[in-house]
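J.: Starting off with a structure, shown below.
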Amino acid sequence: MRWQDSLHLALRAITAHRLRSFLTLLGIGVGIAAVILLTSIGEGLHRFVLAEFGQFGTNVINLHPGRQGARGGPPGLPSTARDLTLDDAAALAR
Numbered sequence: 001m002r003w004q005d006s007l008h009l010a011l012r013a014i015t016a017h018r019l020r021s022f023l024t025l026l027g028i029g030v031g032i033a034a035v036i037l038l039t040s041i042g043e044g045l046h047r048f049v050l051a052e053f054g055q056f057g058t059n060v061i062n063l064h065p066g067r068q069g070a071r072g073g074p075p076g077l078p079s080t081a082r083d084l085t086l087d088d089a090a091a092l093a094r
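For the sequence shown, UniProt numbering gives the first residue as 1, with consecutive numbering after it.
Set out below in structure tokens:
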């Protein structure tokens, strides 16, 4: 079969089933748009996270006081947190 015959057969099939052809093209378009959208969102989040961590610099430590030891039990129960003291700051400075 020559390529001209194949092209003629394909065009005849497309024009004979217009709705099916349209829905196929629509599905391909939606799929391509979804891939581009998800890739863009992922790249945007990546840049946002890098910018957020980059604002701290390389010589900054962020500390939050917490419990000295872990105890078992269901999550969400109130717990006591130990405050940071000047001795803690001196230990970090060393």
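No residue lacks a Cβ here, since even glycine has one placed at the ideal position from N, Cα and C.
Taking the Cβ atom as the reference point for each residue, do I32 and S21 lie within a distance shorter than 9 Å?
T.: Going by C-beta atoms, I32 is not nearer than 9 Å to S21.
J.: Any idea what DSSP makes of G57, helix, strand or coil?
T.: DSSP places G57 in coil when its eight states are reduced to three.
J.: For a quick check, are the C-beta atoms of S92 and L50 less than 9 Å apart?
T.: Residue 92 is actually Leu in this sequence, not Ser. Taking 9 Å as the Cβ cut-off, L92 and L50 do not qualify as a contacting pair.
J.: Would you report the Cα separation of R36 and R12, rounded to the nearest angstrom?
T.: For the record, residue 36 in the displayed sequence is Ile; it is not Arg. Distance between the alpha carbons of I36 and R12 is about 32 Å.
J.: Tell me where the alpha helix (DSSP H) around residue 173 begins and ends.
T.: This structure does not reach residue 173, given that the chain is present from 1 up to 94, and the question cannot be answered.
J.: Indicate the three-state DSSP secondary structure (helix, strand or coil) for D87 in the structure shown.
T.: Reduced to three states, the DSSP call for D87 is helix.
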